[in-house]
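A.B. asks: Can you keep this structure in mind? I'll have questions shortly.
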Amino acid sequence: MLTARTEPHTDLVIQARDAYRLGDWETAYAAFCRAGAIGPLTVDDQDAMATAAWRLGHDREAVRIAELVHARLARTDPNAAAVKSVDLAQAWLLRGDVNMGRTWLSRARRLLPGDGPAAGRLTYLEAVVAVLTEDADALADRAAALRELADRADESAPAAPNLLALLSADAVPRHRETPPLAPRRVLEDAYPPAAGEAYHQLGEIRRRADALLPA
Numbered sequence: 003m004l005t006a007r008t009e010p011h012t013d014l015v016i017q018a019r020d021a022y023r024l025g026d027w028e029t030a031y032a033a034f035c036r037a038g039a040i041g042p043l044t045v046d047d048q049d050a051m052a053t054a055a056w057r058l059g060h061d062r063e064a065v066r067i068a069e070l071v072h073a074r075l076a077r078t079d080p081n082a083a084a085v086k087s088v089d090l091a092q093a094w095l096l097r098g099d100v101n102m103g104r105t106w107l108s109r110a111r112r113l114l115p116g117d118g119p120a121a122g123r124l125t126y127l128e129a130v131v132a133v134l135t136e137d138a139d140a141l142a143d144r145a146a147a148l149r150e151l152a153d154r155a156d157e158s159a160p161a162a163p164n165l166l167a168l169l170s171a172d173a174v175p176r177h178r179e180t181p182p183l184a185p186r187r188v189l190e191d192a193y194p195p196a197a198g199e200a201y202h203q204l205g206e207i208r209r210r211a212d213a214l215l216p217a
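Counting in this note's numbering, the sequence shown runs from 3 upward without gaps.
This is the structure:
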């Protein structure tokens with residue numbers, strides 16, 4: 003009688019990690035799934051599994067796993083949990099769910115210190131939400147915060163990804179009591195190098211949000 007060969011948990015984890023390092027997301031995700039079915043994964047492995055799922059386009063599964071990672075980190079490493087909150091906010095926004103994105107941004111804001119790359123990403127995403135919700139006051143506030151972060155940043159440190167200048171100029175109504183400066187200009191002045199990537203991200207967020215609306 004033939005029996006199916008069962009790969010040991012450790013072998014599968016090693017295979018998954020090697021594939022992940024090589025950017026072979028399909029192999030990494032499949033191996034992590036098989037390993038997880040046999041025994042528990044470490045937090046880092048579970049986080050890598052979420053990333054692999056996202057890279058493969060399995061958005062819902064990626065977010066589900068990332069939320070499990072956050073729950074584990076919240077019990078053992080509050081600082082890492084705060085950073086993961088920012089990751090989850092970005093993931094939900096990229097899926098087009100602004101409400102869930104705002105929920106995770108609020109959690110991150112309560113937990114995260116004021117400086118550092120994660121704080122920059124958080125402030126940037128808050129600016130994205132201000133545009134999507136047409137909140138001119140919040141946008142002006144977040145633009146000022148981004149400018150302050152950029153002024154304080156160590157030039158030798160890597161910039162927070164996509165930090166700034168997002169938004170189409172017409173996305174948010176101009177504030178009647180302020181000079182007629184479009185949101186795009188406000189953010190470009192704060193951190194011009196990130197404009198192109200930021201515009202791309204905002205367009206993707208809008209596209210996914212529109213797809214969720216009933217026809």
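C-beta atoms are modelled at their ideal positions from N, C-alpha and C, and glycine is treated no differently.
Sorted by chain position, which residues of the same chain lie with C-beta nearer than 6 angstroms to Ala121's C-beta, five sequence neighbours on each side aside?
C.D. replies: So the qualifying residues of the chain are Leu114.
A.B. asks: Is Arg62 helix, strand or coil by DSSP?
C.D. replies: In the structure shown, Arg62 sits in a helix (DSSP, three-state: H, G or I).
A.B. asks: Alpha carbons only, please: which of Asp20, Ser108, Gly98 is nearest the one belonging to Met51?
C.D. replies: When only C-alpha atoms are compared, the closest one is Asp20.
A.B. asks: Out of curiosity, what's the CA-to-CA distance linking Tyr31 and Leu14?
C.D. replies: Cα to Cα, Tyr31 sits roughly 11 angstroms from Leu14.
A.B. asks: Taking 7 angstroms as the line, does the beta carbon of Asp143 fall inside it for any heavy atom of the ligand SAH?
C.D. replies: In the structure shown, the ligand SAH is absent, as is every other ligand, since no ligand is present at all.
A.B. asks: Using a 10 Å radius around the Cβ and a threshold of 16 neighbouring Cβ atoms, would you call Gly103 buried or exposed?
C.D. replies: It is buried - the Cβ of Gly103 has at least 16 other Cβ atoms within 10 Å.
A.B. asks: Could you tell me how far apart the beta carbons of Ala110 and Ala84 are, in whole angstroms, since I believe they sit closer than 8 angstroms?
C.D. replies: Contact holds; Cβ gap of about 6 angstroms.
A.B. asks: Quick one: using the 10 Å Cβ neighbour count with 16 as the cut-off for buried, is Arg23 buried or exposed?
C.D. replies: Classification for Arg23: exposed.
A.B. asks: What's the call for Gly98, buried or exposed, on a 16-neighbour Cβ count within 10 Å?
C.D. replies: By the neighbour-count rule (16 or more Cβ atoms within 10 Å), Gly98 is buried.
A.B. asks: Please identify the residue among Pro119, Arg66, Thr12 whose C-alpha is closest to the C-alpha of Ile40.
C.D. replies: Looking at the Cα atoms, Thr12 is the closest of the given residues.
A.B. asks: Which residue comes first and which comes last in the alpha helix (DSSP H) that contains Arg49?
C.D. replies: In the sequence under discussion, the amino acid at residue 49 is Asp, which differs from the Arg named in the question. Residues 45–57.
A.B. asks: Please classify Ala93 as buried or exposed, where buried requires at least 16 other C-beta atoms within 10 Å of its C-beta.
C.D. replies: Counting Cβ neighbours within 10 Å, Ala93 comes out buried, since at least 16 surround it.
A.B. asks: Tell whether a beta-carbon distance below 8 angstroms holds between Leu127 and Val88.
C.D. replies: For Leu127 and Val88, yes; Cβs fall inside 8 angstroms.
A.B. asks: In whole angstroms, give me the CA-to-CA distance for Arg149 and Thr125.
C.D. replies: Their Cα atoms are separated by approximately 10 angstroms.
A.B. asks: Tell me whether Pro80 sits in a helix, a strand or coil according to DSSP, three-state version.
C.D. replies: Note: Pro80 maps to helix in three-state DSSP.
A.B. asks: Can you have a look at Asp153 and say buried or exposed, based on whether 16 or more other CB atoms are within 10 angstroms of its CB?
C.D. replies: Exposed is the call here.
A.B. asks: Rounded to a whole number of angstroms, what is the C-alpha to C-alpha distance between Thr53 and Thr135?
C.D. replies: Near 28 angstroms, if we compare the C-alpha coordinates of Thr135 and Thr53.
A.B. asks: Quick check: the Cα distance between Cys35 and Leu90, rounded to an integer number of angstroms?
C.D. replies: Using only the alpha carbons, I get a separation of about 21 angstroms.
A.B. asks: Can you say whether Ala73 is buried or exposed, counting buried as having 16 or more other CB atoms within 10 angstroms of its CB?
C.D. replies: Result: exposed.
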